[in-house]
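Engineer: Let me give you the structure first, and then I'll get to my questions.
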Amino acid sequence: MGQLHPFFSDPFLYNTIGTTLWLAIPVTFLSLIIAVPIAFRVRLLRRQRLLTTVLVIPVTLGTVLVAEGLLNYLGPQGWFSRTLMLFGLVDAPLKLTNNYWGVFASLIITGFPFTFLLTLSYVSGIDPALEQAAATHGAKSWQRFRYVLLPLLIPGLAITFCLSFVLAFAVFPSAILLGAPAGPTRVISIAAYQAAFEQYDYSMAAAIAMIMAAVQLAIVVLVLGIRSLFYRGATSGGKG
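What follows is the structure, given as structure tokens:
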């Protein structure tokens, strides 16, 4: 506990909390936004297993392999920049690695399958008869989603957000391989690693690990608290 004061007294250390949150929260939100419509579409397909398998392939590749692939694809001499330059869309290679966006892309690719599978399980658990009944009463597609499906999904989406956030918050290989570990993408896990294995300050490393756990727990409690308020409001009330 004595190392908490040195941590919060050093901007180079405590700023890693904000850096990590600035990566983990947008990645989690975007993964959910992408996963929900895809899950609704997949549940209606005949070859659901095949498409689901394709979507979860990045899980089998591993974070390091995905990062190496993105270095070759998104790097200054990668396929992406060369294709854009070939069609005259850009005049110079885009800088999409060794910065925030490289890490962001890696987290989306590696974290989306997990988010998608959880979302699909919740979406598949909703009785289609509820949506059909709303359609019978004249509700349009967005009305069915807003007033029928979304209230039923909120509890599951909150759990999915929490689990996906914890996964993204622990980012480490991507931040080193695709980011700038001494600059904009110096996340809190890098600070813990440096304290333990470069400075051999194990008490500081333990303190940073405790801070990581506390931040994750705070976000999870906040999201679950919001979910409980929203869910009670969406399901209580009189008839009609």
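Mapped onto the working numbering, the consecutive letters of the sequence shown carry residue numbers 4 to 243.
Even for Gly, the Cβ is constructed at its ideal location relative to N, Cα and C.
Compare the C-beta of residue 166 with all C-beta atoms of chain B and state if any pair is closer than 9 angstroms.
Structural biologist: No chain B is present in this structure, which holds just one protein chain.
Engineer: If distances are taken between C-alpha atoms only, which option among 168, 182, 149 and 32 comes closest to residue 215?
Structural biologist: Nearest C-alpha to residue 215: 168.
Engineer: Does the Cβ of residue 243 have 16 or more other Cβ atoms within 10 Å, making it buried, or fewer, making it exposed?
Structural biologist: Because residue 243 sits at a pLDDT of 37, beneath the cut-off of 50, its placement in the model cannot be relied upon, and the following sentence gives the value as read from the coordinates. Exposed, since its Cβ has fewer than 16 Cβ neighbours within 10 Å.
Engineer: For residue 86, count neighbouring Cβ atoms within 10 angstroms of its own Cβ and tell me buried if that reaches 16, exposed if not.
Structural biologist: Label assigned to residue 86: exposed.
Engineer: With 16 other CB atoms within 10 Å as the buried threshold, where does residue 12 fall?
Structural biologist: Classification for residue 12: exposed.
Engineer: Residue 219 by DSSP, collapsed to three states: which one?
Structural biologist: Here residue 219 sits in helix by DSSP.
Engineer: Measuring alpha carbon to alpha carbon, tell me which of 96, 231 and 192 ends up nearest residue 17.
Structural biologist: Checked all of 96, 231 and 192; the closest Cα to residue 17 is 192.
Engineer: Given this structure, state the Cα-to-Cα distance separating residue 71 from residue 81, to the nearest angstrom.
Structural biologist: Approximately 12 angstroms, taken between the alpha carbons.
Engineer: Mind listing, in chain order, the continuous alpha helix (DSSP H) runs of no fewer than 4 residues lying wholly within the region 37-90?
Structural biologist: Segments of the alpha helix (DSSP H) lying fully in the region 37-90: 51-58, 60-64, 66-77 and 82-89.
Engineer: Three or more beta-carbon pairs under 8 angstroms between the region 145-158 and the region 91-98, yes or no?
Structural biologist: Verdict: no, contact absent.
Engineer: With three or more beta-carbon pairs closer than 8 angstroms as the criterion, would you say the region 114-127 touches the region 163-177?
Structural biologist: These segments touch.
Engineer: Flag this pair as touching only if the region 175-183 and the region 100-109 have three or more C-beta atom pairs under 8 angstroms; answer yes or no.
Structural biologist: Verdict: yes, contact present.
Engineer: Return yes when the Cβ of residue 224 is within less than 9 angstroms of the Cβ of residue 22, no when it is not.
Structural biologist: Cβ atoms of residue 22 and residue 224: not closer than 9 angstroms.
Engineer: Taking all protein chains shown into account, do 16 or more other C-beta atoms lie within 10 angstroms of the C-beta of residue 103, making it buried, or fewer, making it exposed?
Structural biologist: Classification for residue 103: buried.
Engineer: In angstroms with no decimal places, state the Cα-to-Cα distance between residue 237 and residue 28.
Structural biologist: Low confidence applies here, because residue 237 scores a pLDDT of 42, under 50, leaving its location unreliable; read the following figure in that light. In a straight line, the C-alpha of residue 237 is about 25 angstroms away from that of residue 28.
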